[in-house]
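Structure record follows, encoded as C-alpha coordinates.
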(Lines of atoms letter the chains of each structure in order from A and count residues from 1; the text may use other names and numbers.)
(Lines give C-alpha, C1' and ligand atoms only; values in the text may rest on other atoms or scores of the structure.)
Protein backbone atom coordinates (compact mmCIF):
# COMPACT_ATOMS: atom_id res chain seq x y z
CA UNK A 1 0.00 0.00 0.00
CA UNK A 2 1.35 3.43 -0.91
CA UNK A 3 2.21 6.18 1.52
CA UNK A 4 1.74 9.92 1.16
CA UNK A 5 4.29 12.32 2.60
CA UNK A 6 3.42 16.01 2.95
CA UNK A 7 5.78 18.90 3.59
CA UNK A 8 4.27 22.21 4.72
CA UNK A 9 6.80 25.03 4.68
CA UNK A 10 7.11 28.79 4.73
CA UNK A 11 9.69 29.42 2.00
CA UNK A 12 11.29 27.71 -0.99
CA UNK A 13 14.38 25.85 0.33
CA UNK A 14 12.87 25.21 3.80
CA UNK A 15 12.41 21.58 2.79
CA UNK A 16 16.02 21.00 1.73
CA UNK A 17 17.54 19.90 5.02
CA UNK A 18 14.23 18.59 6.31
CA UNK A 19 12.85 16.06 3.86
CA UNK A 20 15.03 15.46 0.79
CA UNK A 21 16.55 12.31 2.29
CA UNK A 22 13.22 10.71 3.13
CA UNK A 23 11.91 11.52 -0.34
CA UNK A 24 14.92 9.83 -1.95
CA UNK A 25 14.57 6.85 0.38
CA UNK A 26 10.92 6.24 -0.49
CA UNK A 27 10.80 7.50 -4.07
CA UNK A 28 10.85 3.97 -5.50
CA UNK A 29 8.26 2.59 -3.07
CA UNK A 30 5.09 1.42 -4.86
CA UNK A 31 2.41 4.07 -4.50
CA UNK A 32 4.63 6.65 -2.80
CA UNK A 33 3.12 10.13 -3.16
CA UNK A 34 4.79 13.43 -2.34
CA UNK A 35 2.82 16.65 -1.80
CA UNK A 36 4.24 20.03 -0.80
CA UNK A 37 2.81 23.37 0.29
CA UNK A 38 4.74 26.63 0.46
CA UNK A 39 3.06 29.56 2.16
CA UNK A 40 5.29 32.20 0.50
CA UNK A 41 7.54 32.58 -2.53
CA UNK A 42 10.42 33.79 -0.39
CA UNK A 43 10.32 37.15 -2.15
CA UNK A 44 11.85 39.02 0.82
CA UNK A 45 14.89 36.76 1.00
CA UNK A 46 18.48 37.71 0.32
CA UNK A 47 20.17 37.42 -3.06
CA UNK A 48 23.56 35.75 -3.13
CA UNK A 49 26.41 37.60 -4.89
CA UNK A 50 26.59 36.72 -8.57
CA UNK A 51 22.97 35.59 -8.86
CA UNK A 52 21.17 37.78 -11.44
CA UNK A 53 17.84 37.82 -9.63
CA UNK A 54 16.17 41.17 -8.94
CA UNK A 55 14.33 42.26 -5.84
CA UNK A 56 11.10 42.58 -7.84
CA UNK A 57 11.49 39.17 -9.43
CA UNK A 58 12.93 37.22 -6.51
CA UNK A 59 9.70 35.39 -5.70
CA UNK A 60 9.38 33.94 -9.20
CA UNK A 61 13.12 33.22 -9.25
CA UNK A 62 12.93 31.23 -6.04
CA UNK A 63 9.90 29.29 -7.24
CA UNK A 64 11.90 28.28 -10.29
CA UNK A 65 14.84 27.29 -8.08
CA UNK A 66 12.53 25.12 -6.02
CA UNK A 67 11.15 23.34 -9.08
CA UNK A 68 14.70 22.78 -10.34
CA UNK A 69 15.73 21.38 -6.96
CA UNK A 70 12.99 18.75 -6.99
CA UNK A 71 13.97 17.79 -10.53
CA UNK A 72 17.61 17.45 -9.47
CA UNK A 73 16.50 15.25 -6.59
CA UNK A 74 14.72 13.00 -9.07
CA UNK A 75 11.25 13.17 -7.50
CA UNK A 76 8.85 16.05 -8.06
CA UNK A 77 5.75 16.63 -5.92
CA UNK A 78 2.56 15.12 -7.29
CA UNK A 79 0.92 18.30 -6.05
CA UNK A 80 2.69 21.54 -5.17
CA UNK A 81 0.62 24.36 -3.66
CA UNK A 82 1.91 27.93 -3.47
CA UNK A 83 -0.26 30.12 -1.24
CA UNK A 84 1.51 33.33 -2.26
CA UNK A 85 1.46 35.09 1.10
CA UNK A 86 3.97 37.85 1.77
CA UNK A 87 7.39 36.67 2.89
CA UNK A 88 7.96 37.83 6.46
CA UNK A 89 4.26 38.47 7.08
CA UNK A 90 2.75 35.04 7.73
CA UNK A 91 1.92 35.94 11.31
CA UNK A 92 -0.47 38.56 9.90
CA UNK A 93 -2.58 35.99 8.04
CA UNK A 94 -4.21 34.62 11.18
CA UNK A 95 -6.78 31.84 11.10
CA UNK A 96 -6.96 32.01 7.32
CA UNK A 97 -3.59 30.26 7.17
CA UNK A 98 -4.97 27.38 9.24
CA UNK A 99 -7.94 27.16 6.87
CA UNK A 100 -5.67 26.98 3.82
CA UNK A 101 -3.42 24.31 5.28
CA UNK A 102 -6.46 22.34 6.47
CA UNK A 103 -7.91 22.39 2.95
CA UNK A 104 -4.63 21.01 1.61
CA UNK A 105 -4.47 18.24 4.23
CA UNK A 106 -8.14 17.40 3.78
CA UNK A 107 -7.68 16.96 0.04
CA UNK A 108 -4.50 14.87 0.30
CA UNK A 109 -4.93 12.90 3.55
CA UNK A 110 -1.16 12.37 3.92
CA UNK A 111 0.08 9.65 6.24
CA UNK A 112 2.88 11.84 7.58
CA UNK A 113 3.05 15.64 7.72
CA UNK A 114 6.37 17.45 8.09
CA UNK A 115 6.69 21.06 9.19
CA UNK A 116 8.41 23.36 11.69
CA UNK A 117 8.02 23.19 15.46
CA UNK A 118 7.58 26.10 17.88
CA UNK A 119 11.26 27.11 17.58
CA UNK A 120 11.11 27.33 13.78
CA UNK A 121 14.67 25.88 13.85
CA UNK A 122 15.97 29.41 13.17
CA UNK A 123 13.39 31.40 15.10
CA UNK A 124 12.05 32.88 11.84
CA UNK A 125 8.52 34.21 12.51
CA UNK A 126 7.28 32.69 9.22
CA UNK A 127 8.61 29.27 10.24
CA UNK A 128 6.86 29.53 13.59
CA UNK A 129 3.61 30.72 11.98
CA UNK A 130 3.42 27.94 9.38
CA UNK A 131 4.32 25.31 11.98
CA UNK A 132 1.57 26.48 14.35
CA UNK A 133 -0.96 26.70 11.52
CA UNK A 134 -0.06 23.21 10.33
CA UNK A 135 -0.36 21.74 13.80
CA UNK A 136 -3.81 23.30 14.23
CA UNK A 137 -4.90 22.21 10.75
CA UNK A 138 -3.61 18.67 11.31
CA UNK A 139 -5.71 18.21 14.43
CA UNK A 140 -8.74 19.86 12.88
CA UNK A 141 -8.74 17.55 9.88
CA UNK A 142 -7.75 14.49 11.90
CA UNK A 143 -10.74 15.07 14.16
CA UNK A 144 -13.24 15.25 11.32
CA UNK A 145 -15.46 12.27 10.65
CA UNK A 146 -14.35 9.96 7.85
CA UNK A 147 -11.13 9.74 5.92
CA UNK A 148 -7.81 8.13 6.63
CA UNK A 149 -4.20 9.28 6.83
CA UNK A 150 -2.87 11.95 9.22
CA UNK A 151 -1.16 9.30 11.31
CA UNK A 152 1.93 11.29 12.27
CA UNK A 153 2.96 14.94 12.59
CA UNK A 154 6.69 15.66 12.74
CA UNK A 155 8.55 18.87 13.58
CA UNK A 156 11.98 19.41 12.06
CA UNK A 157 14.63 19.95 14.71
CA UNK A 158 18.30 19.98 15.61
CA UNK A 159 19.25 17.77 18.58
CA UNK A 160 21.09 19.82 21.17
CA UNK A 161 24.14 17.56 21.07
CA UNK A 162 24.47 18.09 17.31
CA UNK A 163 23.87 21.81 17.82
CA UNK A 164 26.79 22.02 20.24
CA UNK A 165 29.06 20.15 17.81
CA UNK A 166 28.12 22.54 15.01
CA UNK A 167 28.57 25.50 17.34
CA UNK A 168 32.15 24.45 18.10
CA UNK A 169 32.83 24.07 14.37
CA UNK A 170 31.51 27.57 13.67
CA UNK A 171 33.66 29.13 16.37
CA UNK A 172 36.76 27.28 15.20
CA UNK A 173 36.10 28.32 11.60
CA UNK A 174 35.70 31.95 12.57
CA UNK A 175 32.03 32.06 11.57
CA UNK A 176 30.77 33.31 14.90
CA UNK A 177 28.61 31.53 17.46
CA UNK A 178 24.86 31.16 17.11
CA UNK A 179 22.74 33.09 19.58
CA UNK A 180 19.43 31.21 20.00
CA UNK A 181 17.71 34.43 21.05
CA UNK A 182 18.31 35.93 17.61
CA UNK A 183 16.27 35.32 14.47
CA UNK A 184 18.15 33.32 11.78
CA UNK A 185 20.38 31.69 14.40
CA UNK A 186 19.85 27.95 14.78
CA UNK A 187 18.26 26.45 17.89
CA UNK A 188 18.66 23.01 19.45
CA UNK A 189 16.04 20.87 21.19
CA UNK A 190 16.71 18.49 24.10
CA UNK A 191 18.06 15.20 22.77
CA UNK A 192 15.36 13.27 24.62
CA UNK A 193 12.66 15.12 22.63
CA UNK A 194 13.94 13.74 19.31
CA UNK A 195 11.72 10.85 18.26
CA UNK A 196 12.87 10.13 14.70
CA UNK A 197 16.48 9.92 13.52
CA UNK A 198 16.95 8.97 9.87
CA UNK A 199 20.45 8.31 8.54
CA UNK A 200 20.84 8.45 4.78
CA UNK A 201 23.60 6.74 2.85
CA UNK A 202 22.07 6.64 -0.62
CA UNK A 203 21.29 9.54 -2.92
CA UNK A 204 23.53 12.08 -1.18
CA UNK A 205 24.90 13.36 -4.48
CA UNK A 206 21.36 14.01 -5.71
CA UNK A 207 20.47 15.70 -2.44
CA UNK A 208 23.53 17.94 -2.73
CA UNK A 209 22.71 18.82 -6.33
CA UNK A 210 19.17 19.72 -5.27
CA UNK A 211 20.45 21.97 -2.48
CA UNK A 212 22.69 23.78 -4.92
CA UNK A 213 19.76 24.66 -7.18
CA UNK A 214 18.78 27.19 -4.50
CA UNK A 215 21.67 29.37 -5.64
CA UNK A 216 20.10 32.66 -4.56
CA UNK A 217 20.21 31.46 -0.95
CA UNK A 218 23.49 29.54 -0.97
CA UNK A 219 25.25 32.01 1.34
CA UNK A 220 22.60 31.57 4.06
CA UNK A 221 21.98 27.83 3.62
CA UNK A 222 25.49 26.61 4.34
CA UNK A 223 29.05 27.75 4.92
CA UNK A 224 30.19 28.67 1.40
CA UNK A 225 33.75 27.59 2.22
CA UNK A 226 32.73 24.07 3.29
CA UNK A 227 33.52 21.13 1.03
CA UNK A 228 30.89 19.04 -0.71
CA UNK A 229 31.92 16.16 1.53
CA UNK A 230 31.10 18.14 4.67
CA UNK A 231 27.84 19.35 3.16
CA UNK A 232 26.81 15.77 2.35
CA UNK A 233 27.70 14.68 5.89
CA UNK A 234 25.31 17.29 7.26
CA UNK A 235 22.43 16.42 4.93
CA UNK A 236 22.80 12.70 5.56
CA UNK A 237 20.96 13.06 8.88
CA UNK A 238 17.28 13.93 9.45
CA UNK A 239 15.93 14.48 12.95
CA UNK A 240 12.34 15.06 14.04
CA UNK A 241 10.25 15.71 17.11
CA UNK A 242 7.10 13.56 17.10
CA UNK A 243 4.30 16.07 17.68
CA UNK A 244 1.57 13.47 17.09
CA UNK A 245 0.78 10.88 18.29
CA UNK A 246 1.97 11.58 21.84
CA UNK A 247 5.31 9.91 22.46
CA UNK A 248 5.86 8.06 25.69
CA UNK A 249 8.94 9.10 27.69
CA UNK A 250 11.80 6.75 26.91
CA UNK A 251 10.11 5.36 23.78
CA UNK A 252 12.40 3.88 21.14
CA UNK A 253 13.66 6.36 18.55
CA UNK A 254 12.23 5.64 15.09
CA UNK A 255 14.57 5.31 12.12
CA UNK A 256 12.13 6.25 9.33
CA UNK A 257 9.30 8.77 9.06
CA UNK A 258 6.84 5.98 8.17
CA UNK A 259 8.09 3.39 10.67
CA UNK A 260 5.37 1.69 12.70
CA UNK A 261 2.38 3.25 10.97
CA UNK A 262 -0.81 1.33 10.33
CA UNK A 263 -1.02 -0.31 6.86
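Residue numbers (this note's numbering): 23 to 285.
Glycine is no exception: its CB is placed at the ideal position from the N, C-alpha and C atoms.
Predicted model, so just to flag it, every value in this text is computed and none were measured.
Let me know the alpha helix (DSSP H) ranges lying completely inside the region 237-280, each 4 residues or longer, listed in chain order. Runs of the alpha helix (DSSP H) inside the region 237-280: 240-243, 250-257.
In whole angstroms, what separates the C-alpha of residue 161 from that of residue 103? Counting from 1 along the chain shown, the entry for residue 161 is found at position 139. Counting from 1 along the chain shown, the entry for residue 103 is found at position 81. Computed Cα separation, rounded: 20 Å.
Cβ-Cβ separation, residue 49 to residue 220 (assumed contact under 8 Å), whole Å: As a position in the chain shown, residue 220 is number 198, starting the count at 1. As a position in the chain shown, residue 49 is number 27, starting the count at 1. At roughly 14 Å, the Cβ-Cβ gap does not stay under 8 Å, so residue 220 and residue 49 are not in contact.
Quick check on the burial criterion: 16 or more other C-beta atoms within 10 angstroms. Buried or exposed for residue 143? Taking the chain shown and counting its residues from 1, one reaches residue 143 at position 121. Counting Cβ neighbours within 10 Å, residue 143 comes out buried, since at least 16 surround it.
For residue 160, which of helix, strand or coil comes out of DSSP? On the chain shown, residue 160 is found 138 positions in, with the first residue counted as 1. Assigned with DSSP and collapsed to three states, residue 160 falls in helix.
Check whether the region 114-122 and the region 86-96 touch, using three or more Cβ-Cβ pairs below 8 Å as the test. Cβ pair count under 8 Å is below three, so no.
Do you know how far the Cα of residue 169 is from the Cα of residue 186? Reading the chain shown from its first residue, position 164 is the one you call residue 186. Reading the chain shown from its first residue, position 147 is the one you call residue 169. Distance between the alpha carbons of residue 186 and residue 169 is about 42 Å.
Please return the same chain residues whose Cβ sits closer than 8 Å to the Cβ of residue 236, not counting the five positions on each side in sequence. Numbered from 1 along the chain shown, position 214 holds the residue referred to as residue 236. Here the set comprises 34, 35, 38, 84, 87, 88, 91, 243.
Residue 102 bridges to which residues according to DSSP? Start at 1 with the first residue of the chain shown, and residue 102 comes out as number 80. Looking at the DSSP output, residue 102 shares a beta bridge with 58.
Keeping to the same chain, check which residues put their C-beta closer than 8 Å to that of residue 208; ignore five residues upstream and five downstream. Start at 1 with the first residue of the chain shown, and residue 208 comes out as number 186. Only 143, 144, 180, 185, 188, 200, 202 meet the Cβ criterion.
Grab the span of the alpha helix (DSSP H) containing residue 200 for me, first residue to last. Along the chain shown, read from residue 1 onward, the residue named residue 200 stands at position 178. Neither: residue 200 is in no alpha helix (DSSP H) and is coded neither H nor E.
Apart from the five residues on each side of it in sequence, which residues of its chain come closer than 8 Å, Cβ to Cβ, to residue 182? Start at 1 with the first residue of the chain shown, and residue 182 comes out as number 160. The residues are 210, 211, 212, 213.
Check each candidate in 76, 120, 141, 97 and name the one with the smallest Cα separation from residue 158. Here residue 158 refers to the residue found at position 136 of the chain shown. Comparing alpha carbon positions, the residue from 76, 120, 141, 97 closest to residue 158 is 120.
Per the DSSP calculation, residue 136 is bridged to which residue(s)? As a position in the chain shown, residue 136 is number 114, starting the count at 1. The partner list for residue 136 (beta bridge, DSSP) reads 29, 176.
Coarse secondary structure for residue 110, derived from DSSP in three states: The sequence position of residue 110 within the chain shown is 88, counting from 1. It is coil, neither helix nor strand.
Would you identify the three-state DSSP class for residue 171, choosing helix, strand or coil? The residue labelled residue 171 in the question sits at position 149 within the chain shown. DSSP places residue 171 in the coil class of the three-state scheme, outside both helix and strand.
How is the beta strand (DSSP E) around residue 217 delimited, first residue to last? One-based indexing of the chain shown puts residue 217 at position 195. According to the DSSP assignment, residue 217 belongs to the beta strand (DSSP E) that extends over 216-221.
Apply the 10 Å Cβ neighbour rule to residue 238 and answer buried if 16 or more other Cβ atoms are within range, or exposed otherwise. Residue mapping note: residue 238 aligns to position 216 of the chain shown, counting from 1. Burial of residue 238 is indicated by the presence of at least 16 other C-beta atoms within 10 angstroms of its C-beta.
Can you give me the C-alpha to C-alpha distance between residue 57 and residue 128, rounded to a whole angstrom? Position 35 of the chain shown, counted from the first residue, corresponds to residue 57. Position 106 of the chain shown, counted from the first residue, corresponds to residue 128. Looking at the backbone, the Cα of residue 57 and that of residue 128 are separated by about 12 Å.
Inter-stretch contact (C-beta, 8 Å, three-pair minimum) for the region 255-265 and the region 221-228: The region 255-265 is in contact with the region 221-228.
Residue 40: buried (16+ other C-beta within 10 angstroms of its C-beta) or exposed? Sequence index remark: in the chain shown, residue 40 carries index 18 (1-based). By the 16-neighbour rule on beta-carbons within 10 angstroms, residue 40 is buried.
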